[in-house]
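Numbering (numbering that gives the first Met the number 0), first residue to last: 0 to 328. Each residue gets a CB set at the ideal place from its N, CA and C atoms; glycine is no exception.
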Amino acid sequence: MESIMKAEPSKSVPPKGKRGISKTSVWARLKEQRLLYVLMLPALIVTLLFSYVPMFGLYMAFINYSPGGGSFFGQFFTTEFVGLEWFNYFFTNGDFYRVMRNTLAQSFLSLLFGFPMPIILALMINELRNGWFKKTFQTVSYMPHFISWVIAANIIITVLSSGGVLNNILTGLGFIDEPIQFMQKGPLFWWIIAISNTWKDMGFNAIMYLAAISAINPELYEVARVDGASRLKQILHITLPSIKPTVIILAILAVGGILNAGFDQQFLLQNNTVLQYSEVIDTYTYKYGLQNGMFSYGAAVGLFKSVVAFILVLSVNTMAKKMNEQSLF
């Protein structure tokens with residue numbers, strides 16, 4: 000029939016997920032957001048200069064570098080290539096077990112005390128109702144973070160000395176008859192480092208959890224109160240589940256830095272009597288790499304620590320993504 004019109008051939012439309020991005024739109028978006036990219040430029044330059052450019056120095060871990068009178072680059076690229084010899088030396092020279100034991104022990108204890116305490120402190124601060132007292136308590140809690148480890152180490156040594164506050168309290172209460180030489184006992188050094196790290200950083204770390212708590216919808220608490228939920232149940236069923244993503248992300252970063260036991264606190268608090276328990280990877284690298292002039296050996300030990308940390312971050316991130324659908328990337 001003539002009234003029947005011929006249908007026009009339909010144009011094939013690519014699936015939504017396979018449509019290409021127009022180059023014009025990309026350039027238009029870049030032009031539109033150019034000020035945002037300009038703001039990013041300083042951070043990008045700093046990251047390149049201090050995070051990526053120094054990576055060429057990792058080559059030092061695979062050569063037998065020794066500074067001499069010539070130019071740095073001339074010696075750096077003409078020094079004998081030794082491959083994995085420095086790594087093998089680190090694993091077999093007898094120091095590996097001691098250094099790794101101390102690093103892992105101090106890191107695990109610091110993680111055991113230092114990870115939950117900021118969460119608990121943030122919950123406590125959030126439950127305070129007096130505004131003036133709440134602000135004062137929060138300010139006092141994160142002030143130790145801004146004290147340098149030089150001052151903090153002297154405070155800790157003074158408090159734990161034979162005539163210090165702690166020994167005086169224990170002696171006065173009759174718990175001990177003679178002062179305890181805390182800084183002379185190797186096994187106690189791990190606990191001193193863990194508790195010191197927790198005291199110094201828990202107030203500052205609690206700020207991130209307080210920020211996450213402040214983003215929770217207040218109506219959830221109002222509904223819970225109407226239903227008769229106590230403040231403890233509100234914490235368990237509203238606050239903690241709401242900050243769960245933040246907790247998981249920070250847990251991934253904390254596990255990734257498990258070999259970062261620290262340098263300042265160990266270096267300032269250690270002494271010859273506890274050296275078998277205080278030597279960690281960072282102090283070990285400093286002593287051999289800089290003080291003893293074994294630059295390639297120090298670079299190899301540092302690279303080993305970085306590789307292990309990278310593997311830990313990937314592993315924990317994958318596990319968290321499969322178990323809770325929350326991950327860093």
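Looking at C-alpha atoms only, which residue of the options is the closest neighbour of residue i?
i    : options                  : result
G288 : A298, V37 and P240       : A298
N216 : K232, I237 and D226      : I237
L57  : I310, K304, T91 and S314 : K304
F136 : I280, L120 and L83       : L120
E79  : P66, F89 and K232        : P66
N316 : I251, S161 and R33       : I251
V312 : M116, L172 and L249      : L249
Buried or exposed: which applies to residue i, given that a residue is buried once 16 or more other Cβ atoms fall within 10 Å of its Cβ?
i    : result
V254 : buried
S147 : exposed
P53  : exposed
Y64  : buried
G93  : exposed
P8   : Low confidence applies here, because P8 scores a pLDDT of 45, under 50, leaving its location unreliable; read the following figure in that light. Looking at its Cβ environment, which holds fewer than 16 other Cβ atoms inside 10 Å, P8 is exposed.
K321 : exposed
G113 : buried
P13  : For P13, the predicted structure reports a pLDDT of 48, less than 50, and the residue's modelled location is therefore unreliable. A value from the coordinates is still provided. With fewer than 16 other Cβ atoms within 10 Å, it is exposed.
S314 : exposed
V98  : buried
N291 : exposed
M39  : exposed
Which residue marks the beginning of the alpha helix (DSSP H) containing residue i, and which one marks its end?
i    : result
R128 : Neither: R128 is in no alpha helix (DSSP H) and is coded neither H nor E.
S195 : G185 to S213
K232 : R230 to Q233
L40  : R33 to T46
G288 : Premise fails: G288 is in no alpha helix (DSSP H) and is neither H nor E.
P244 : K243 to G255
N101 : D94 to G113
P143 : Run containing P143: none; DSSP gives neither H nor E here.
Roughly how far, in whole angstroms, is the beta-carbon of residue i from the beta-carbon of residue j, given that I think they are within contact range, below 8 Å?
i    : j    : result
Y285 : V300 : 10 Å between Cβ atoms; not a contact.
L110 : I257 : 7 Å
V164 : V158 : 5 Å
Q105 : W189 : 5 Å
Y141 : F203 : 4 Å
I234 : T102 : About 35 Å; that fails the 8 Å criterion.
A333 : L267 : Limits of the chain in this structure are 0 at one end and 328 at the other, which puts residue 333 out of reach.
R336 : E126 : With the chain represented from 0 up to 328, any question about residue 336 goes unanswered, as that position is not in the structure.
I191 : I155 : 7 Å
Cβ contact check for the stretch 206-225 and the stretch 172-185: 3 or more pairs under 8 Å: no
Segment contact, 8 Å Cβ cut-off, at least three pairs: the stretch 270-288 with the stretch 183-197: yes
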